[in-house]
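Residue numbers (this note's numbering), protein chains in the order written: chain A, 50 to 807; chain B, 50 to 807. Glycine residues also receive a C-beta, built at the ideal position from the N, C-alpha and C atoms.
Protein chains: 2
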Amino acid sequence: MKNPAIIGQSIPRLDAPSKVTGKAIYTDDMKLPGMLYGKLLRSPLAHARIKRIDVSKAKALPGVKDVIVGADTPGVKYGNWRLVPQSQDELPLAVDKVRFVGDEVAAVCALDPETAEKALGLIEVEYEELPAILSVEEATAEGAGLIHQESKGNVSLVRKIDYGDLDQMFAKADYVREDTFRVHPVQHAYMEPCSSLAQTEEGNRVTLWTSTQTPYIVQCLLASTLGLPENNVRVMKVQIGGGFGGKMELRPWEFCAAFMSLRTGRPVKFTLTRHDELAYGRRRHPMTIYSKVGFKKDGMLLAKDFQVMLDGGAYNAMGPTATFLCGTFGNMLYNYPAYRYFGRHVYTNKPPASAMRGFGAPQAAFAAETQMNMAAEELGIDPIDIRLMNAMQTGDVIPDVATISSCGFKESLEEVRRISGWDQKRKNKTPGKGLGIGCFSFISGGVFNWFNTKYNFSAAEVKVFEDGTAQLAVMACDIGQGPDTVLRQILAAELGIPIHKIRLISMDTACTPKADLGTWGSRVTLMNGNAIIEAAGKIKAMLRPVMFSELDLNQIHDLAFEDERVFVRANPKKGMDFAECVYKALRGREGEPLTARGYYTPRNKGLVSPAFSFGAQVAEVAVDQDTGQIQVEKMYTAHDCGVAINKMSVEGQLEGAIQMGLGYALMEDLVMDDQGRTLNTTFLDYKMPAAEDMPPGESVEIETYEPEGPFGAKEAGEGLAIPTAPAISHAVFEAVGYRCMETPITPEKVLRALGKIK
Amino acid sequence: MKNPAIIGQSIPRLDAPSKVTGKAIYTDDMKLPGMLYGKLLRSPLAHARIKRIDVSKAKALPGVKDVIVGADTPGVKYGNWRLVPQSQDELPLAVDKVRFVGDEVAAVCALDPETAEKALGLIEVEYEELPAILSVEEATAEGAGLIHQESKGNVSLVRKIDYGDLDQMFAKADYVREDTFRVHPVQHAYMEPCSSLAQTEEGNRVTLWTSTQTPYIVQCLLASTLGLPENNVRVMKVQIGGGFGGKMELRPWEFCAAFMSLRTGRPVKFTLTRHDELAYGRRRHPMTIYSKVGFKKDGMLLAKDFQVMLDGGAYNAMGPTATFLCGTFGNMLYNYPAYRYFGRHVYTNKPPASAMRGFGAPQAAFAAETQMNMAAEELGIDPIDIRLMNAMQTGDVIPDVATISSCGFKESLEEVRRISGWDQKRKNKTPGKGLGIGCFSFISGGVFNWFNTKYNFSAAEVKVFEDGTAQLAVMACDIGQGPDTVLRQILAAELGIPIHKIRLISMDTACTPKADLGTWGSRVTLMNGNAIIEAAGKIKAMLRPVMFSELDLNQIHDLAFEDERVFVRANPKKGMDFAECVYKALRGREGEPLTARGYYTPRNKGLVSPAFSFGAQVAEVAVDQDTGQIQVEKMYTAHDCGVAINKMSVEGQLEGAIQMGLGYALMEDLVMDDQGRTLNTTFLDYKMPAAEDMPPGESVEIETYEPEGPFGAKEAGEGLAIPTAPAISHAVFEAVGYRCMETPITPEKVLRALGKIK
């Protein structure tokens, strides 16, 4: 299978120049005539009943145009899991109770932001404080208060997986171990804090420019909370300054902008601050993970019992998916004859956790990969060897859940062993230095239809013009991960035209084809790519008759589309310019433009994903035994993303993933006091790795060909964020003997483990 | 043929509330981050060679970001008549010569408008002045200088029509008369002066928000002048503050905004002033019209020789169409056994004339209708009787030119006679008062493909959703004439859903279906309406299978779509909600949305238009014989627009037309000095009728059913602007005996005719 030359090229992202020169327009850059500035009043308490709200003074402040509280709204609950309506537990503004510090209570819009801010201070809210439940242990304790009265307990959702005979397998095992891991919350820390601007039209329609990864989800949920038909809400393209899963739900400021715009007839904009984001924003789930594994003494895996409590915070958000996927990633890398997963999503009085790059997998992998390294250690087997023995491979099946149609995991393990100098370095250990390994598998989009969309999962519309150019319309979102370039590469490959001749129209729920579910779960390249290939195929079918009749071709001939020409594959001289061919086809269509749509929905691909990526990573670290400081000296990565459509983009994803993994492992943490208030709410005290903290890296792409993916491609975005933390943790153990069971791996914990502090 | 109830209703325009409350956003309201303000340097001379331009001082002014002259541009000539490339005679910025006072010479963009204005003053241009040719007589005189060196003479275009044996018919005539009329220039005087804002994307794409009636024409011509593929230019919806034909071409500021945006990488906006518009803007063609007619003594028409010189100003603009249509409107109302038309479009050193409501017809009709009244007078026949005798009727054919498939002209004449009290008032004349008649016919869009589009003349895309709503996408422009409402009525009638459930997406060349030619020639209702009906029919075809299988219907049944239900026409109880039916159909389409496209291009409809409207108007005036002041006391109108889709809209068009006709007849004029400089460039001295000047009116719609039109509809926009001036002129003659042969009809001319002044 030879792909067109443009597949696999390193093409700089087409949006890069406008972003690095500051010309790209984000939502907060937009100003519309008559626009009002919105601000949110948030709860100062983690858990309380609202007894009274008085907004009269705020309303009376000159310049204030509207003030709303929960009682003013239609009171429709929302949440991404439309398939399970009882999981939809959020209101745009609190009505009866507040459930975390930051829960939205009222909104103001005014002629300028200062007046809006001042008005917030004039709103009087009387609360009856309730005990704050700040841990999953408290939340699930006997007699714990209910955070949601409608819920039977504080466990909002349970997910179980169970196959094989667990008891029998554990009985057969030579070696069984049980461990409990705890992982901490971190935040997406996208560069662009959320911003939303709504404008109304004809009194009952809303156009929303908003910082989102999921315009269609926002359209639908905003419509339902406003009590309008979906068609009355239009979500429009803006530049998005990063998302990482943090911008994939309807959020209160989106509702408030739209609702207040309908009430005032004026455009209304809300923009969050960094403080808002860090103090009240979505974050990666903290989890408590109990894992019991059983092996034969040669290292062969027999069984795993994986029990996870996700600290979901005050609302479900995307927690159900994390709960679901966590169980899938507990067993995805290796073949387990028996596996049981019991995941519980638990309400606490904290800001809701939700989707974040990896979606449950970084946590599951931290536990599973660490435990694998512990077992290898105890069994006296090389950690890479024990993995090779149990590794998933192409054709492996998890019944009803997944079929592994391409898998370069073993090759990744071998490659990372080679490039890291694994064997030699382990033989000749340097004190205070160590190599550690972590592995991953990840999805290429989801199959489970939690949003209950009635439309295909992705769609594309392709138009070609007589000037040899094309237009590609997709609802997919580029949130910095590069599909605006990659999707054009796919179309360019199909039509044989250069990418700069393709205009991309994206992310406009009224004008781009219904109904892409958005950017999450690394779905865009595979799902939109497949839709584009289908649409391009229809365009080519429109051009075939022209070629066959103009060139008098025999039916056995096939056509090729390359270098802006259409020609007989067996006789490249016989052909014509692509533009000319389109012109002739257009002339034969009674003035009807050449337009085609393509769609993609995974079918018969199990429950989880149409395709899975794999990879392994080795971290090389040095630990200063006096300070406990951990220096990651090098990261070695080998990974299988199928065919990389744009090598530079994949490298960018890898670098970004290492940066995030590094932060997750060593530096980032949201610190909360005993009242549920987040204490580090600026980038001065929420510490992320910066450019100078990045270790050098070496990486190898294991090229497999994923049959379900466009040109053999699959995931290359989130998966790479998974192995870094367990690899670093393992390397720290190898360096100084400290095994981290509770992230992050701080110098303090190292020193304590070394007995240097108490 | 019974139309659905929504057809013919008076529905207030859906865009009205936002416009009357000041919330509608026009181009000049828009501000983009980093936006630059553009200004144009114009020629102070009517005719000159450019010897030298020095922009160095302007470029050096702090805050100036770019300065361009013609030599900096690709130098591609443009013009709307793409079918005749040599007619494309304009450049965005003058290169060798300037040809009128106001011809664009250079453009500046700067951080603020004041700096841009200041920079204009720093540009040095050295001109070599040439003799200014300011009349068609001078321009066509032997030895006249050439305004365009590339043109053989100053006559840029000739149009001839010739049928029947003219000499034989004149020989048979009992009564022949020859007259020469002169009509003056007037301006559209739309409320919104032109404004254009361009933004670039990826270095080689431009998005343009611009005050235009013809986004597709602007897209194509802008692309060709920039040297880009059409697909790299996107023209986007804004509110348009009136057009009347004055915003249907590519204009220099559109080019300059786009070109300078590409050069600077920043958004660039140009907005004209009222002075710019009045001094340099497009206007209605002044014409010199020679007309010779022959009658039998009973009033039967035999022949007409119609020779017209159009004063086109410095460039062709839409002059070729006016030249073309002027000949068509010279004979459209009456049956002429022989007719000859000789139209010449003449260059002069004046601002270019172009399309303006009526497109050549108000001028032709002023001459033709006045002459008809003169003949009736001399033959002693009632002016209405002589018209009835010769009037066009349904089924009449002008060979190869037009087929009159519906015609309510005779009925209009009878009605206007009745409502005006014509017979009695003419019998009992009051000194100083008079009744006058003028008639019209007009097109419902053009057939002749002067823009040489490869696409259908109109297109529509309809989507229906499971919430019972629909989306209608069209490239058609609402410039105040109401199609945003009327087109939704047409779709609502087809689908049986209310108009407020239809979202309209219009005027976006990237997202609305290719390739509407825009708003001109009263084409929108008929052409887009037909496309919508076709698209809706396809949607209904998608819903039929659901109904027939769900309800187990016999094939002889037919379905009705009314009141948000789909049901068996013969048994209305048997059916289901429209929304439910869409939902079921969607479920059966594997996630593919219900989307359909419809198209319309007139075929086999002659050369001119697919349908013709007709009407008659009687003006009742009082003339003060001491002051010469003319008071129009009442206007009586009867007209045939086929089926009026929205009666209120038609009334609005009629009122607006009377206002424009009144201004044309009595008040408006562009006064020029002998250097070609327009002297009245504010609304204080360019006098238009205001609300208080409007005469009361009475009107009757003669309902015919136009078989080519949607639900029987045809033109109701421009035609009504035609008869007012000749009707008033005739009434003035009846009142005081002054017959105007040279418009406007001023008090001065009346007094001179009465011998009261010299």
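Quiz item: Looking at the unbroken beta strand (DSSP E) that takes in B/C488, where does it start and where does it end?
Solution: Where B/C488 is concerned, the enclosing beta strand (DSSP E) stretches over 482-492.
Quiz item: Should B/I338 be labelled buried (16 or more other beta-carbon atoms within 10 Å of its own) or exposed?
Solution: Result: buried.
Exercise. Quick one: using the 10 Å Cβ neighbour count with 16 as the cut-off for buried, is B/I266 buried or exposed?
Key: buried
Quiz prompt | Partners in chain A for B/E251, counting only beta-carbon separations shorter than 8 Å | solution = L63, D64, P66, S67, H549
Quiz item: Where does the unbroken alpha helix (DSSP H) through B/N422 begin, and where does it stop?
Solution: First-last of the alpha helix (DSSP H) with B/N422: 410-428.
Quiz item: What are the residues of the segment 266-280 of chain A that lie near chain B, defined by any Cβ-Cβ distance shorter than 7 Å?
Solution: Here the close residues are P278, E279, N280.
Self-check item: Alpha-carbon spacing of B/S244 relative to A/E764, whole angstroms
Solution: 46 Å
Self-check item: Sufficient close CB pairs (3 or more, under 8 Å) joining the segment 125-133 of chain B to the segment 362-373 of chain B
Solution: yes
Quiz prompt | the segment 668-683 of chain B in contact with the segment 481-489 of chain B per 3-pair CB rule at 8 Å | solution = yes
Quiz prompt | Spatial neighbours of A/I74 in its chain, beta-carbon cut-off 8 Å, leaving aside the 5 residues before and after | solution = Hits under 8 Å: V287, Q288.
Quiz prompt | Interface flag, B/Y810 vs chain A, CB-CB below 7 Å | solution = The structure shown does not extend to residue 810 of chain B, since chain B is modelled only from 50 through 807, so no value can be given for it.
Quiz item: B/M441 and B/Y388 look like a contact to me (Cβ under 8 Å); what is the Cβ gap, rounded to whole Å?
Solution: Under the criterion of beta carbons closer than 8 Å, B/M441 and B/Y388 do not qualify as touching, at roughly 13 Å.
Quiz item: For A/V749, does the count of other Cβ atoms within 10 angstroms reach 16, so buried, or fall short, so exposed?
Solution: buried
Quiz item: What first and last residue would you give for the alpha helix (DSSP H) that runs through B/Q58?
Solution: Note, B/Q58: premise wrong, no alpha helix (DSSP H); not H, not E.
Quiz item: With a cut-off of 7 Å, does the C-beta of B/G640 fall near any C-beta of chain A?
Solution: yes
Quiz item: If we call anything under 7 Å between Cβ atoms a contact, is A/Q262 one with A/M309?
Solution: no
Quiz item: Should the segment 301-321 of chain B be regarded as contacting the segment 137-145 of chain B, the criterion being three or more beta carbon pairs within less than 8 Å?
Solution: Verdict: yes, contact present.
Quiz item: Count the other CB atoms within 10 Å of the CB of B/V207; is the residue buried (16 or more) or exposed (fewer)?
Solution: Exposed, since its Cβ has fewer than 16 Cβ neighbours within 10 Å.
Practice problem: Decide yes or no for the touch test of the segment 432-441 of chain B against the segment 711-725 of chain B: beta carbon pairs closer than 8 Å, at least 3 of them. | Solution: no
Exercise. Could you name the residues of the same chain whose beta carbon sits closer than 6 Å to that of B/F497, not counting the 5 residues immediately before and after it, in chain order?
Key: L656
Exercise. Measure the Cβ-Cβ separation of A/K589 and A/T313 and say whether it is below 7 Å.
Key: no
Practice problem: Examine chain B for any beta-carbon lying closer than 7 Å to the beta-carbon of A/T320, and answer yes or no. | Solution: no
Quiz item: From B/L728 to B/G330, what distance separates their C-alpha atoms?
Solution: Cα-Cα distance, rounded: 13 Å.
Quiz prompt | Spatially closest choice to A/M336 from A/D347, A/L327, A/C375, A/E611, by CA coordinates | solution = A/C375
Quiz prompt | B/T249 to A/F391 span [Cα, whole Å] | solution = Their Cα atoms are separated by approximately 53 Å.
Quiz item: Any idea what DSSP makes of B/M625, helix, strand or coil?
Solution: strand
Quiz item: Rounded to a whole number of angstroms, what is the C-alpha to C-alpha distance between B/E700 and B/K68?
Solution: Looking at the two C-alpha atoms, the distance is approximately 19 Å.
Exercise. Quick one: using the 10 Å Cβ neighbour count with 16 as the cut-off for buried, is B/G529 buried or exposed?
Key: buried
Self-check item: Three-state secondary structure assigned by DSSP to B/L89
Solution: strand
Self-check item: Close beta carbons around B/I771, own chain, < 7 Å, minus the five adjacent residues each side
Solution: G407, A410, P411, A414, F489, F491
Quiz item: Within the 7 Å Cβ cut-off, does A/A238 reach chain B?
Solution: For A/A238, the answer is no, since every Cβ of chain B falls outside 7 Å of its Cβ.
Quiz item: From A/V617 to A/G624, what distance separates their C-alpha atoms?
Solution: 6 Å
Quiz item: Would you say B/G570 and B/I539 are within 7 Å of each other, going by their C-beta atoms?
Solution: no
Quiz item: Going along chain B, which residues have a C-beta under 7 Å from A/K563?
Solution: P642
Self-check item: chain B within 7 Å of A/D360, Cβ atoms only
Solution: no
Quiz item: So what does DSSP say about A/E191, is it helix, strand or coil?
Solution: Here A/E191 sits in coil by DSSP.
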